[in-house]
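Asks:
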Amino acid sequence: MASYDTQDTRETHELRDSQEADDAPDTYDKLIALLDEHGADYRVIEHAPEGSTEAVSRLRGHEPARAAKCIVVMVKIGKKEKRFALAVVPGDKRVDLAAVKALYGGTYASFASPEIAEELAGSRSGTILPFSFDERLELVVDPALLAHPEFFFNAARLDRSLALSTADYRSIADPRLEPVAQD
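Yeah, the sequence shown ends on 183 if you go by our numbering, and it's all consecutive.
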C-alpha cells in the first residue's frame with residue numbers, strides 16, 4: 001500500500017499528475033499500477049528535481065548504497081547481434097561492464113546511447129526505473145542492492161522517488177541476480 005512523504009492527499013497527487021507534463025507519465029503510471037496491483041509496500045517521496053544518485057540520496061535522507069543506480073548496457077554478441085541489459089547496482093557503486101559482457105558471452109559492452117536507453121527504459125536518464133517494461137531489456141540486479149529491507153529510486157521523474165520494499169521488488173520484478181557492481 002502506498003504512502004506519501006508529503007502533506008498532500010492522494011487526490012492532490014492525482015490532480016497534479018494529470019495536469020503536469022512529466023518526464024515519463026506513462027512509465028510512472030505503469031509502475032504505480034503494477035505496484036498497486038501486487039499490493040506492494042512503497043512510499044512516494046517528492047523532492048526538488050534531481051537525477052544524480054548522490055544528490056537525490058541526500059534529498060531523500062538515506063545513504064547512496066540504498067539507492068538503485070539503473071544503467072542500460074548494450075552488449076555485442078558476435079558481429080550482428082546485440083542484447084540490452086538494465087544493470088541495477090547500489091548507488092555508491094558503478095556498473096562493471098566486463099561482468100555484464102561475460103553474462104551474455106559478449107565480445108563488447110558499453111553504455112547504451114541516451115536515445116536507445118531512454119527508448120528501452122521509457123524514461124530519460126536520471127529517472128530510469130529498476131523495472132523493465134520492454135521485452136528487449138533484461139533486468140539484471142546486483143544482489144548487494146537487495147541487502148536492505150527497502151531501497152530508493154527516482155520514479156521515471158526527477159522530482160518524485162519511491163522507497164520500495166525489497167521483498168516486494170524481488171517478487172514483482174523477478175530480476176536476474178548477478179554481481180554486476182564494482183567500486
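Note that beta-carbon positions come from the ideal geometry of N, C-alpha and C, so glycine has one too.
Every value quoted in this text rests on a predicted model; they were computed, and no experiment measured them.
1. According to DSSP, simplified to helix, strand and coil, what is E150?
2. G106 to D174, Cα distance in whole Å?
3. So, helix, strand or coil for P143, using DSSP?
4. Have a look at V180, D183, R160, E150 and flag the residue whose alpha-carbon is nearest the alpha-carbon of H62.
5. In three-state terms, what does DSSP make of P90?
6. By the three-class DSSP mapping on this structure, what secondary structure does R160 have?
7. Just verifying my parser: in three-state terms, what is the DSSP assignment at A155?
Replies: Judging by the given coordinates:
1. Note: E150 maps to strand in three-state DSSP.
2. 23 Å
3. Helix at P143.
4. E150
5. strand
6. strand
7. coil
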